[in-house]
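Each protein sequence line maps, in turn, to chains A and B. So for the first sequence, the numbering used here puts the first residue at 1; every next one is plus one. So for the second sequence, the numbering used here puts the first residue at 1001; every next one is plus one. C-beta: ideal position from N, C-alpha, C; glycine also. This one's a predicted model, so the numbers in the text were calculated from it and none came from an experiment.
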Amino acid sequence: MSAGEIRVAINSDQDIVLARQKGRGMATELGFSAGDATLIATAISELARNIVSYARKGHIALKRVNGLNRQGIAVIASDDGPGIADIRQALRDGFSTSGSLGLGLPGVRRLMDEFEITSQPGRGTIVTVKKWRQ
Amino acid sequence: MEVPILKQGAVLIATFQAALSDADLNQLRMGLVEQVVKLRSRAVIVDVTAMDVMDSFASRTLREIAHMIRLRGAETVIVGIQPEVAFAMVQLGLTLEGVATALDLEEGLAYLNEKFKTTN
């Protein structure tokens, strides 16, 4: 593991808090504003929550990423859980109509700049999100 | 983690800490409703000034607390949602519909005083 990477095992609701605190810490270290650090911490909280709720355990990895003339943070949420059969449906906003929160993935996508998901039913899910420093 | 619940007249004031886990929030929900019943409180102020993140679970718990307390005939006011937390909540699509909010503790108390005055 490189120095610029933090990996948090997600096994319980306590770990959700730990992961988002680590994320906020790293975002602040990388020079993100307090507002952006809150957005990143909130996204981590939701991604870690999905792991606990649907896969029971997994990992959140936090990485520093470099783009062209810019720096950012990547959050990778991975699990070996049941996976998502219909990703398109999972990315549909369900807040306003049903009142159920669903997976919260559309919200996470809005909090961050980049969003990528791969999932295979029965094999697990990997969600990678990035935010670039303004 | 303990959430301090302070009694001030007919009002209960619960102050949330930064790092509340889901278990803490669940415990608080039960504790607050129990206290409202026991102390015959007329209102609850939940101060979330210190909360670093308001995610879907925390928002839902706050809504549930407010609804349960309303069923007891009492009022809930959420105070101190920080600007960046509010921004993140809107991006996530989270709302506290039907729940009273105020800028801070002082404003929350003023809101309740006004409300009690008009209903009495």
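Task: Interface residues of chain B facing A:L42 [CB-CB closer than 7 Å] - done: Reading off the sequence shown, one finds Thr at residue 42 of chain A, where the question assumed Leu. By Cβ distance, chain B contributes V1053, D1055, A1088 and L1092.
- [ ] Pull up the distance between the alpha-carbon of B:V1046 and that of A:A43, whole angstroms please.
- [x] 24 Å
Open item on the list: Just verifying my parser: in three-state terms, what is the DSSP assignment at A:N11?
Closed with: coil
Open item on the list: Counting only C-beta atoms, is B:V1085 closer than 8 Å to chain A at any point?
Closed with: yes
Open item on the list: Helix, strand or coil for A:E5? Go by DSSP, reduced to three states.
Closed with: In the structure shown, A:E5 falls within a strand segment according to DSSP collapsed to helix, strand and coil.
- [ ] May I ask you to list, following chain order, the residues of the segment 1021-1055 of chain B that have a beta carbon less than 7 Å from some beta carbon of chain A?
- [x] Here the close residues are S1021, D1022, A1023, D1052, V1053 and D1055.
- [ ] Mind the definition here: the segment 64-79 of chain A touches the segment 20-37 of chain A only if three or more C-beta pairs lie below 8 Å; say whether that holds.
- [x] yes
Task: Bridge partner(s) assigned by DSSP for A:E114 - done: A:K130
Open item on the list: Quick check on A:D113 - is its C-beta less than 8 Å from some C-beta in chain B?
Closed with: no
Task: Within chain B, partners of A:S148 - CB distance below 8 Å - done: There is simply no residue 148 of chain A to check, as chain A begins at 1 and stops at 134 in what is shown.
- [ ] Determine the burial state of A:H59: buried for a count of at least 16 other Cβ atoms within 10 Å of its Cβ, exposed for fewer.
- [x] A:H59 is buried by the Cβ-count criterion.
Task: B:A1010 burial status per 10 Å Cβ neighbour count (16 or more: buried) - done: Exposed, since its Cβ has fewer than 16 Cβ neighbours within 10 Å.
- [ ] Would you list, in chain order, the members of the segment 13-25 of chain A that have their beta-carbon closer than 8 Å to a beta-carbon of chain B?
- [x] From the segment 13-25 of chain A, only D13, Q14, I16, V17, R20, Q21 and R24 have a Cβ closer than 8 Å to chain B.
Open item on the list: I want to see whether chain D comes within less than 8 Å of B:A1019, judged by CB atoms only; does it?
Closed with: Judged by its chain identifiers, the structure shown contains no chain D, and its protein chains are A and B.
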